[in-house]
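According to my numbering, the stretch in the sequence shown is residues 4 to 83, in order. For each residue, glycine too, the CB sits at the ideal point set by N, CA and C. Note that the structure is a prediction, hence the values are computed from the model and not measured.
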Amino acid sequence: MSSAAATSLENLHSGLQPLHHLRPEKARLSASLQFVLRQTATRSVEIWHKLSRKTQILLVALSMTFSSFSLSMIVAALSR
4 MSSAAATSLE NLHSGLQPLH HLRPEKARLS ASLQFVLRQT ATRSVEIWHK
54 LSRKTQILLV ALSMTFSSFS LSMIVAALSR
């Protein structure tokens, strides 16, 4: 995972409401979601670093292609 993606995940985590401002059941849910997000991010970084450089480049290229295609579809839908 790139440092930008890791920073983005960290910003998302730090932007979540403090738990003491939430009702107890929402606080538990929020804590659980934060734990899962942190665990998923950690695992993703571990997997990313195990991939070869060529595979990383391929995955980034595919991701950019799909993002570009999605954006063009959104623009086409909005311009109707």
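In the three-state scheme derived from DSSP, where H, G and I count as helix and E and B as strand, residue 40 is classed as helix.
Annotation: the continuous alpha helix (DSSP H) that includes residue 71 extends over 56-81. Across the structure, residue 47 and residue 68 are spaced so that their CA atoms are roughly 21 Å apart.
Collapsing the DSSP output to three states places residue 26 in coil.
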